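The structure appears right after this line, and notes come after that.
Protein chains: 2
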Amino acid sequence: MSERHQQFQTFLKSNAEAVEALLATLLSGGLQTDEIARPERLLCAMRHGVLNGGKRLRPFLVIESAALFGDAARESALRIGAALECIHCYSLVHDDLPAMDDDDLRRGQPTVHIAFDEAAAILAGDSLLTLAFDIVAAPETRLPDAAKTALVLALSRAAGLGGMAGGQALDLAAEKVAPDEDGIVTLQAMKTGALLRFACEAGAIVAGASAEDRRTLRRYGETIGLAFQIADDLLDLTADAATMGKATGKDAGRGKATLVSRRGQAWAENRLKELVAEAEALLAPFSHRAGILIEAAHFIANRRN
Amino acid sequence: MSERHQQFQTFLKSNAEAVEALLATLLSGGLQTDEIARPERLLCAMRHGVLNGGKRLRPFLVIESAALFGDAARESALRIGAALECIHCYSLVHDDLPAMDDDDLRRGQPTVHIAFDEAAAILAGDSLLTLAFDIVAAPETRLPDAAKTALVLALSRAAGLGGMAGGQALDLAAEKVAPDEDGIVTLQAMKTGALLRFACEAGAIVAGASAEDRRTLRRYGETIGLAFQIADDLLDLTADAATMGKATGKDAGRGKATLVSRRGQAWAENRLKELVAEAEALLAPFSHRAGILIEAAHFIANRRN
Chain A
8 MSERHQQFQT
18 FLKSNAEAVE
28 ALLATLLSGG
38 LQTDEIARPE
48 RLLCAMRHGV
58 LNGGKRLRPF
68 LVIESAALFG
78 DAARESALRI
88 GAALECIHCY
98 SLVHDDLPAM
108 DDDDLRRGQP
118 TVHIAFDEAA
128 AILAGDSLLT
138 LAFDIVAAPE
148 TRLPDAAKTA
158 LVLALSRAAG
168 LGGMAGGQAL
178 DLAAEKVAPD
188 EDGIVTLQAM
198 KTGALLRFAC
208 EAGAIVAGAS
218 AEDRRTLRRY
228 GETIGLAFQI
238 ADDLLDLTAD
248 AATMGKATGK
258 DAGRGKATLV
268 SRRGQAWAEN
278 RLKELVAEAE
288 ALLAPFSHRA
298 GILIEAAHFI
308 ANRRN
Chain B
8 MSERHQQFQT
18 FLKSNAEAVE
28 ALLATLLSGG
38 LQTDEIARPE
48 RLLCAMRHGV
58 LNGGKRLRPF
68 LVIESAALFG
78 DAARESALRI
88 GAALECIHCY
98 SLVHDDLPAM
108 DDDDLRRGQP
118 TVHIAFDEAA
128 AILAGDSLLT
138 LAFDIVAAPE
148 TRLPDAAKTA
158 LVLALSRAAG
168 LGGMAGGQAL
178 DLAAEKVAPD
188 EDGIVTLQAM
198 KTGALLRFAC
208 EAGAIVAGAS
218 AEDRRTLRRY
228 GETIGLAFQI
238 ADDLLDLTAD
248 AATMGKATGK
258 DAGRGKATLV
268 SRRGQAWAEN
278 RLKELVAEAE
288 ALLAPFSHRA
298 GILIEAAHFI
308 ANRRN
């Protein structure tokens with residue numbers, strides 16, 4: 008287990024470095040076909056929003072899901088991972104805006120609208136979202152057109168009205184009217200679950216996996232998505248408990264009602280164990296090749312930051 | 008000419024009605040595959056930003072460019088036109104935000120951030136941008152995957168950092184430091200030209216036209232894009248002149264330096280004639296089938312609103 012965990016950390020880190028390097032290249036000054044100019048300040052704002060040393064968990068999931076089926080699709084998986092990271096980062100840039108969550112800091116750095124201005128943050132987010140689809144469709148992504156079409160469709164559904172963006176709208180609404188448990192589940196599935204599910208399904212699409220394997224990866228993605236959210240909520244709750252004695256005040260207000268705040272820590276810890284076991288069971292058909300993704304499920308369930 | 012103009016107006020109106028109806032369907036409550044929920048308020052904000060009775064000039068150009076090659080691709084062209092209109096409308100919703108152009112009214116109606124709130128306007132814009140790529144890739148768009156890939160790539164390049172969004176960044180910067188003539192040309196080519204060029208090129212892609220015809224349509228799109236901008240700037244100038252005696256104060260400040268304000272009305276009117284003639288010459292190989300697009304060039308050059 009410890010050796011496996013070490014291997015996981017090594018893979019996570021080396022994938023993150025590859026993703027960071029690719030994103031830096033994609034966000035360099037070099038003009039692409041059909042581009043008229045790359046305005047310098049907007050490009051800097053995009054880089055600020057993306058090149059922030061994140062864990063790159065979503066690209067990791069694309070790359071390692073694809074790797075279940077061999078090494079042939081690794082370069083394509085990296086590019087699709089970078090596209091997905093553009094979507095994730097755009098959502099952070101927009102969520103941090105004063106009209107949304109109004110955050111001045113992210114990872115200890117000023118957010119884009121603080122480092123630049125609100126207009127730059129809005130346009131940087133818009134441009135990152137657009138760039139994601141550019142990356143998928145670009146000739147440098149060496150995938151069959153049918154795979155590209157499937158990826159564009161799945162990514163847009165995961166990111167848009169019926170996925171992540173809709174989830175952020177529900178999250179803002181939840182500050183005013185607390186949702187019931189079904190509402191919380193829907194909100195979380197949209198806001199964070201949809202991109203994680205896409206990440207794993209995308210790995211299967213990139214690798215040209217069978218429809219059955221694609222469904223399996225999708226369910227694995229859903230399962231770790233649920234675990235990701237519960238771990239997140241558990242962190243909020245225990246951080247509150249440690250620093251304030253109870254989960255009230257601004258943090259609880261920002262954290263809003265969660266399944267964990269409603270059902271308690273013991274329920275959450277048990278549910279995380281169940282979800283990790285489910286993830287392991289789903290990956291059983293891939294036997295030893297699934298070691299990294301099984302470890303990823305443990306990592307997601309047990310992460311402490 | 009008058010009969011042709013009447014025919015053009017009829018086509019423009021009937022296309023706009025078809026686009027409006029398709030957009031209304033796409034923005035109905037019906038869940039699509041992979042969507043988790045369609046949050047009602049966000050959906051309403053998206054509808055407010057899109058279903059506004061616009062002329063739908065960009066979809067018209069997609070549809071009529073495709074029609075040069077026959078009727079077979081009409082339904083697909085309509086869908087690609089609707090996708091393009093989602094991009095155009097998202098850009099208006101975001102440009103109207105307080106941090107950008109800060110406009111309260113559009114077409115006599117409150118802008119999305121006034122009718123809803125800023126967060127809703129940001130998310131509605133994000134979701135419309137995302138929906139555009141969804142529409143292109145969706146199975147209901149009955150095009151070969153290679154055409155969908157080409158459309159996603161061309162649309163993302165036209166809309167993103169190196170196109171429309173970059174142009175808006177340059178436009179905001181131009182309020183602080185007036186650009187030179189090259190800067191104005193670049194700004195305008197990005198902010199408004201890129202989507203118009205895409206519209207015409209997309210028609211060729213949708214219709215499966217030859218590479219040569221695709222280049223011709225692209226050049227036609229560039230040409231009418233230039234005419235569009237000069238006509239726009241001319242309207243600003245003459246409207247200012249009519250209401251204020253001269254082009255100064257807030258309107259001129261908002262209008263910023265343009266080729267027309269620098270070179271004058273006579274230059275602009277002459278340049279418009281040249282551009283219409285160029286557009287006609289480009290379309291000559293299509294003979295009588297090009298009547299509507301030739302009339303569109305006249306309409307764009309001579310429009311008074």
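As given, the protein sequences belong to chains A and B, one line each in that order. Sequential numbering of the first sequence, starting at 8, is according to the numbering used here. Sequential numbering of the second sequence, starting at 8, is according to the numbering used here. Here a beta-carbon is modelled for each residue, glycine too, at the ideal position from N, C-alpha and C. Please read these numbers as outputs of a predicted model, since none were measured by experiment.
- Excluding residues up to 5 positions away in sequence, V119, F123, A127, A131 lie with their Cβ nearer than 6 Å to the Cβ of A52/A in the same chain.
- Contacts with chain A at 8 Å (Cβ-Cβ) include E125/B.
- P151/B sits exposed, since fewer than 16 C-beta atoms from the chains shown fall within 10 Å of its C-beta.
- Shown here is that no member of the segment 58 to 76 of chain A has a Cβ falling below 9 Å from a Cβ of chain B.
- Between the beta-carbon of I87/A and that of L158/A there is about 6 Å, and that keeps the pair under the 8 Å contact cut.
- Within the model, the alpha-carbon separation for R114/A versus L168/A is close to 27 Å.
- The continuous stretches of alpha helix (DSSP H) do not include G167/B, and DSSP gives it neither H nor E.
- With a contact defined as Cβ atoms closer than 8 Å, L136/B and D133/A qualify at about 6 Å.
- Counting only the Cα atoms, A181/A lies some 15 Å from R45/B.
- DSSP places P117/B within a strand segment (E or B) once states are collapsed to three.
- Taking C-alpha positions only, A165/A is separated from A216/A by approximately 20 Å.
- Contact check between the segment 282 to 302 of chain B and the segment 14 to 33 of chain B: three or more CB pairs, one atom from each, fall below 8 Å, which counts as touching.
- When the alpha-carbon of E71/A is set against those of S83/A, Q116/A, L34/A, the nearest one is in S83/A.
- Between the C-alpha atoms of Q13/B and S98/B there is a straight-line separation of about 31 Å.
- Counting C-beta pairs with one atom in each stretch, the segment 260 to 276 of chain B and the segment 181 to 199 of chain B have three or more that are closer than 8 Å, which means they touch.
- L138/B reaches chain A at S163, G167, L168, counting residues in chain order whose Cβ is nearer than 9 Å.
- At a beta-carbon threshold of 7 Å, the residues of chain A lying near L104/B are I129, ordered along the chain.
- Of all alpha-carbon atoms in R149/A, D178/A, L202/A, the one lying nearest the alpha-carbon of L162/A is that of L202/A.
- Interface residue (Cβ-Cβ distance to chain B less than 8 Å): S134/A is classified as such.
- Here L112/B carries a strand assignment [DSSP, helix/strand/coil].
- Counting along the chain, the unbroken alpha helix (DSSP H) around L85/A starts and ends at 81 to 102.
- When DSSP states are grouped into helix, strand and coil, A286/B belongs to the helix group.
- When 7 Å is used as the limit between beta carbons, K20/A is near no residue of chain B, the shortest such separation being about 29 Å.
- With respect to chain A, the C-beta atom of I237/B has no partner C-beta closer than 8 Å.
- By the rule that beta-carbons nearer than 8 Å mark a contact, E42/B touches chain A.
- At a Cβ-Cβ threshold of 8 Å, L49/B and A176/A count as neighbours.
- In this structure, F293/A and L64/A do not form a Cβ contact; the two beta carbons are roughly 20 Å apart against a cut-off of 8 Å.
- In this structure, the beta-carbon distance from A308/A to L289/A does not fall below 8 Å.
- By alpha-carbon distance to P66/B, the top candidate from A209/B, F140/B, I231/B is A209/B.
- In this structure A304/B is buried. Its beta-carbon is surrounded by 16 or more other beta-carbon atoms within 10 angstroms.
- Interface annotation, G36/A: not in contact with chain B, CB-CB separation never under 8 Å.
- Chain B places no beta carbon closer than 8 Å to that of A89/A, leaving this residue out of the contacts.
- For H12/B, the enclosing alpha helix (DSSP H) covers residues 9 to 33.
- Put simply, the CB of P186/B is far from chain A, with every gap to its CB atoms at 8 Å or more.
- Excluding five sequence positions before and after L241/B, the CB atoms of its chain that fall closer than 8 Å to its own CB belong to V267, Q272, A275, E276, L279, given in chain order.
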